[in-house]
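S.K.: Have a look at this one.
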Amino acid sequence: MKLFSKITFIFNVSFVIFILLGYIEFSHKKSNVGNNIIPLPFVTGVLVILGVLAVFINFIFCLAALIPLFSKKMKQPPRAYSKLPQQREGCDDTDNSTGSMEVITNRDQEPQPGMTPAPQWLLIVNFIFLLVQVYYFFI
Numbered sequence: 033m034k035l036f037s038k039i040t041f042i043f044n045v046s047f048v049i050f051i052l053l054g055y056i057e058f059s060h061k062k063s064n065v066g067n068n069i070i071p072l073p074f075v076t077g078v079l080v081i082l083g084v085l086a087v088f089i090n091f092i093f094c095l096a097a098l099i100p101l102f103s104k105k106m107k108q109p110p111r112a113y114s115k116l117p118q119q120r121e122g123c124d125d126t127d128n129s130t131g132s133m134e135v136i137t138n139r140d141q142e143p144q145p146g147m148t149p150a151p152q153w154l155l156i157v158n159f160i161f162l163l164v165q166v167y168y169f170f171i
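Just so we're aligned: 67 in the working numbering is position 35 of the sequence shown, and the numbers increase by one with no gaps anywhere.
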């Protein structure tokens, strides 16, 4: 899921470049008298294609990110938490005089193989890009 979210973000950046290239092309057409088409170099053409495909890739990514969220099949790996030795059950103040913190993890539960969750900010940014793309292409 991390790799797919990063690829989707690259598609979304190319979508922004696609919009900027469109504004540059339209401003260039307004200044010229003729109705000529500006030839696109290879890199610009690839960016335009990626920008157009971004809406479909982003839609697939958002579906792939939301389905496990609603089905609750994707479990978060156990988080480590810390407790002071005095806060543990069955421990009095005289057992440990150092007062150091101990990290306690749940080692019985293994992280699930397969999808690793993407960073939350990347999910939010890709979803916002999807809304902008739907507005730009379909509304």
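C-beta: ideal position from N, C-alpha, C; glycine also. Computed from a predicted structure; not experimentally measured.
Compute the beta-carbon to beta-carbon distance between Lys34 and Thr148, rounded to the nearest angstrom, for a pair I have assumed lies under 8 Å.
M.R.: The residue labelled residue 34 in the question sits at position 2 within the sequence shown. The residue labelled residue 148 in the question sits at position 116 within the sequence shown. So it is a contact: roughly 6 Å between Cβ atoms.
S.K.: Please return the same chain residues whose Cβ sits closer than 6 Å to the Cβ of Ala97, not counting the five positions on each side in sequence.
M.R.: Along the sequence shown, read from residue 1 onward, the residue named residue 97 stands at position 65. Excluding residues within five positions, the ones whose Cβ falls inside 6 Å are Leu155.
S.K.: Let me confirm a value: Gln165 is counted as buried when at least 16 other C-beta atoms fall within 10 Å, else exposed. Which label applies?
M.R.: The residue you call residue 165 lines up with position 133 of the sequence shown. Buried.
S.K.: In chain order, what residues of the same chain lie with their CB nearer than 7 Å to the CB of Asn158, ignoring the 5 residues before and after it?
M.R.: Your numbering for residue 158 matches position 126 in the sequence shown. Taken in chain order, the residues that qualify are Ser37, Thr40, Phe41, Asn44, Asn90, Phe93 and Cys94.
S.K.: Please classify Ile92: does DSSP put it in a helix, a strand, or coil?
M.R.: Mapped onto the sequence shown, residue 92 falls at position 60. Ile92: helix per DSSP, three-state reduction.
S.K.: For Ile171, report the span of its alpha helix (DSSP H) as first-last.
M.R.: Mapped onto the sequence shown, residue 171 falls at position 139. Here Ile171 belongs to no alpha helix (DSSP H), and DSSP marks it neither H nor E.
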